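Which chain is which? The protein sequence lines are P and C, in order.
The first sequence lines up with residues 2 to 114 when you count with the numbering used here.
The second sequence lines up with residues 4 to 376 when you count with the numbering used here.
Since the structure comes first, as structure tokens, the remarks are kept for the end.
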Amino acid sequence: MNERRIEIHPILGLRPERRHVTIHFGDRPLPAYEGEPIAAALLAAGVRVFRKTSKRGEPRQLFCGIGRCTDCVMIVDDLPGVRTCVTPVRDGMRVEEQDGRGRWERERGGGEP
Amino acid sequence: MKQAEIVVVGAGPAGLSAAAAAAQAGAQVLVIDENAEPGGQLFKQIHKFFGASEHRAGQRGVDIGHELLEEVEGLGVDVVLDASVWGIYDGSTVAVASQEYSWRVKADRIVLATGATENGLSFRGWTLPGVMGAGCAQTMMNVHRVLPGQRVVMVGSGNVGLIVAYQLLQAGAEVVAVVDALPRVGGYPVHAAKIARAGVPIYTSYSVKEADGDECVEKVTIWRVDDRWQGVPGSEIELDADTVTLAVGLSPMAELAWVAGCRFLHIPELGGHVPVHSAYMETTVPGIYVAGDVSGVEEASCAMEEGRLAGLWAASAAGRLSVAAAVAAAAPHEASLARLRSGPFGAAARGGKLAMDGRRDEAWGQTLTRGGA
């Protein structure tokens, strides 16, 4: 797909073929592979800022990559605080940069929980 | 409430080994893991393991992972994924959250094999996007096949730092430098030689001064440290890099042992606070066992042997195996562990386990802040 995707690896060989899906980062459609975590798809697309901290608005991205540190949380399909490093992509998924703790859809005037 | 003879928390090398040993002894085993795939961190270990052939040396972690999975499946072990264990009550009720619902399972015996988590390192700019654990980089490139960055500074020259630096090269990244505050390379010389041959400079007695960038890492400044770990002004070297990977140790992920009321000791050689456990891998809460990094950070080969022991003894305590049979079955794994811990890198862990044994009384003297054993 691009230079960040490791298509051929000296030990692991060819990247296993997986179904292509599309996720939406803000209003930007991004290509992804079925089953991969959201963070991997964003990393491959060159997205460096996943969220901003609540007090100082500092940028954060990935740190542990295995679901421990919560550095990579984002708003996914209106749900804030989703650990993108361990949450697989789904076709049509909406992923947004999270500001602080993010907001629930219902707080923004959305539908019933 | 669900029932299980033995609940194993964590489907990594230790947990799967524990499950296999217990199931082989005839126990009904339920493994719970919060990840979508079993195997823990084995699948990102694409290098060949060291040691003797009995420790699967020469095999790559990813292949060992597949073998373990096959073994566990063949024994009919129930593996539940995408499920987080968040509590243990009365030493036997395991509370679990799956994606859509919560549930509990009553366990005769529990094996905690929750692993470890990577340590951070504080310097100016360490929270910037682009600074991550070396294991994180390993997961992204070896499991998900995405490069974490193009130009990487590796901090730490222990085996993790050296091996992941080499794997970054294999994946197509440039490793700008390996930096270590210690005066000499920490890991095996053979790994250091591999990356040195590839032209990667290794700066010993150097540390990161700062990482700079607007919204992500664009530049990394390293500087020499003196014998009191203080940076030496004027010794700065600026590196053009977009990523910093930290290989500065791991800490046991022992929250469940805390909430279950297990006694702890702080043993630096084992990575920090560890649940006190016997040679049978049983903690101070009867019926709760530990295995692998949660009981003290070591190599995956050690985790697998500890898992076998924990599984055997838990099955024996559950009445599936006579003590004599368990002793006989445990012997080769104990011998193997002793050999793994006899080398220069295993000696620290062996010392740590001995220290823990020697300080058991101290642990019992502590006041518990949580739990109720």
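A virtual CB, placed ideally from N, CA and C, is assigned to each residue, including glycine.
The structure presented is a predicted model; accordingly, all values stated were derived computationally and were not measured.
Cut-off 8 Å between Cβ atoms - residues of its own chain near A366 of chain C, not counting five sequence neighbours on either side: These residues qualify, in order along the chain: R266, F267, L268, V279 and T287.
Could you check if G18 of chain C is buried or exposed, using at least 16 other CB atoms within 10 Å of its CB as the buried criterion? buried
Count the C-beta pairs between the segment 315-324 of chain C and the segment 270-279 of chain C that are closer than 8 Å, then say yes if the count reaches three, no if not. no
Return the CA-CA distance between S254 of chain C and Y104 of chain C, expressed in angstroms with no decimal places. 30 Å
C-alpha gap between T257 of chain C and A306 of chain C, whole angstroms: Reading the sequence as shown, one finds Ala at residue 257 of chain C and not Thr. Those two C-alpha atoms are separated by around 15 Å.
Under 8 Å, with one C-beta from each stretch per pair, do the segment 297-315 of chain C and the segment 327-334 of chain C reach the 3-pair mark? yes
So which of P:L63, P:D100 and P:F64 has the shortest CA-CA distance to R57 of chain P? P:D100
I want to verify the contact list: residues of chain C whose CB lies under 7 Å from the CB of P11 of chain P, in sequence order. Q173
Quick one: using the 10 Å Cβ neighbour count with 16 as the cut-off for buried, is I9 of chain P buried or exposed? exposed
Note down the Cα distance separating T120 of chain C from G15 of chain C, rounded to an integer number of angstroms. 13 Å
Over the uninterrupted alpha helix (DSSP H) stretch that includes W226 of chain C, give me the two end residues. That residue, W226 of chain C, is in no alpha helix (DSSP H); its beta strand (DSSP E) goes K222 to R227.
Closer than 7 Å between beta carbons: that is the criterion. Which residues of the segment 57-90 of chain P meet it against chain C? E59, P60, R61, Q62, L63, F64, C65, G66, I67, G68, R69, V87 and P89
With a CB to CB cut of under 8 Å and the five nearest residues on each side skipped, what residues in its chain are close to R351 of chain C? Reading off the sequence shown, one finds Ala at residue 351 of chain C, where the question assumed Arg. Within the same chain, A351 of chain C has close Cβ partners E272.
Nonlocal neighbours in the same chain, by C-beta distance under 6 Å from S20 of chain C, ignoring five residues either side: M307, G310 and R311
For M144 of chain C, which option in P:L44, P:E35, P:G27 and P:P32 has the closest C-alpha, if you only look at C-alpha atoms? P:L44
According to DSSP, W106 of chain C sits in a beta bridge with which residue or residues? C:V99
Any residues in the segment 244-266 of chain C with a beta carbon nearer than 8 Å to a beta carbon of chain P? Which ones, in chain order? M256
Would you report the Cα separation of V108 of chain C and A25 of chain C, rounded to the nearest angstrom? Taking the straight line from one Cα to the other gives about 18 Å.
Strictly below 8 Å CB to CB, what residues from chain C border R32 of chain P? Note on residue identity: the sequence assigns Pro, not Arg, to residue 32 of chain P. Per Cβ cutoff of 8 Å: no residues; P32 of chain P is ~12 Å from chain C at best.
Would K51 of chain C pass as a contact of G61 of chain C if the rule is Cβ separation under 7 Å? yes
Mark E73 of chain C as exposed unless 16 or more other C-beta atoms lie within 10 angstroms of its C-beta, in which case mark it buried. exposed
R187 of chain C versus A41 of chain P: straight-line alpha-carbon distance, rounded: 34 Å
Would you decide whether I12 of chain P is buried or exposed? Buried here means 16 or more other CB atoms lie within 10 Å of its CB. exposed
Can you find a C-beta in chain P that's less than 7 Å from the C-beta of L150 of chain C? Closer than 7 Å: yes.
Just to confirm my understanding: we take N3 of chain P, look at its own chain, exclude 5 residues before and 5 after, and list those with CB closer than 7 Å. What are they? A45
Do V163 of chain C and V211 of chain C have their C-beta atoms within less than 7 Å of each other? no
So does V50 of chain P have its beta carbon nearer than 6 Å to some heavy atom of the ligand GDP? The model on display carries no ligand, and the ligand GDP is accordingly not part of it.
Check the C-beta distance from I24 of chain P over to V96 of chain P and give it rounded, since I have them as a contact under 8 Å. 6 Å
Please confirm if the segment 164-175 of chain C is in contact with the segment 237-245 of chain C, defined as three or more CB-CB distances below 8 Å between the two stretches. no
Give, in chain order, every unbroken run of the alpha helix (DSSP H) that is at least 4 residues long and sits entirely within the segment 112-189 of chain C. 137-141 and 162-174
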